[in-house]
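Each remark here refers to the structure printed beneath this line.
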Amino acid sequence: MSSPKIRLAPEQKEKLLRNIWLLHDGRWFLKSVEQFGFDAATKLNLAVVKSIARTEMRQLLAETSFGEVRNTKDLQALMEIASLLYFPEEHKYEFKVLDNNTFVGHVLECYVHKMVSKAGTTAIHRCAARLRFYSWCQAMRLDGEVMNEKDTNNCNGTCDIIFKIKW
């Protein structure tokens with residue numbers, strides 16, 4: 025008797041990989057907290073976010089052959105591609121170009137905030153979004169700043185992330 029041959033559709037593979045990555049991320053942080061304490065785990069998490077974010081964007085740029093990001097419209101196009109790839113489906117957001125130098129990501133429902141709320145750690149969790157996006161900008165070789173006035177303890181799952189780029 026032979027085993028049935030099972031094939032996963034591309035959508036199933038993507039769903040499994042996304043879910044496993046999110047579970048890995050959460051469990052890694054939980055085990056880091058258990059082993060080293062919340063402050064050390066947060067410091068490690070932010071260091072990893074900074075590093076992996078640059079890698080995410082560099083790999084995306086290489087894989088898509090996107091080329092140089094020359095203006096806010098290019099930035100918006102690349103951010104939309106990156107967000108569809110790297111954000112969980114439950115993370116709700118929209119992007120808007122305000123002017124030639126300003127781009128805004130408006131988070132409508134933050135997946136991370138939802139998970140941190142379930143864990144009961146919103147008061148002490150540090151949001152890594154600004155750092156991640158700043159690292160993406162570095163990988164794109166953009167000169168500017170990324171601002172987010174909120175953190176996990178005061179965002180209630182929504183915020184504006186503002187990109188001010190010098191072209």
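Convert by adding 24 to the 1-based position in the sequence shown; the result is the number in the working numbering.
A virtual CB, placed ideally from N, CA and C, is assigned to each residue, including glycine.
Here the structure is a predicted model, which means the values were calculated and not measured.
DSSP bridge partner residues for residue i (one or two, in chain order)
{"i": "His130", "result": "Glu118 and Asp184"}
{"i": "Asp123", "result": "Thr126"}
{"i": "Lys190", "result": "Asp167"}
Enclosing beta strand (DSSP E) for residue i [first to last residue]
{"i": "Gly168", "result": "Asp167 to Met171"}
Simplified DSSP assignment, three categories, for residue i
{"i": "Lys232", "result": "The structure shown has nothing for residue 232, since the chain only spans 25 to 191."}
{"i": "Lys29", "result": "coil"}
{"i": "Ile76", "result": "helix"}
{"i": "Thr145", "result": "coil"}
{"i": "Ser159", "result": "helix"}
{"i": "Glu113", "result": "coil"}
{"i": "Val136", "result": "helix"}
{"i": "Glu92", "result": "coil"}
Endpoints, the alpha helix (DSSP H) within which residue i is located
{"i": "Met103", "result": "Thr96 to Tyr110"}
{"i": "Val57", "result": "Pro34 to Phe60"}
{"i": "Cys151", "result": "Unbroken run through Cys151: none, as it is neither H nor E."}
Buried versus exposed, by CB contacts within 10 Å (16 or more), residue i
{"i": "Thr66", "result": "buried"}
{"i": "Arg156", "result": "buried"}
{"i": "Thr88", "result": "exposed"}
{"i": "Ala153", "result": "buried"}
{"i": "His149", "result": "buried"}
{"i": "His137", "result": "buried"}
{"i": "Thr96", "result": "buried"}
Expected contact under 8 Å - CB spacing of residue i and residue j to nearest Å
{"i": "Val93", "j": "Met164", "result": "5 Å"}
{"i": "Thr182", "j": "Leu132", "result": "6 Å"}
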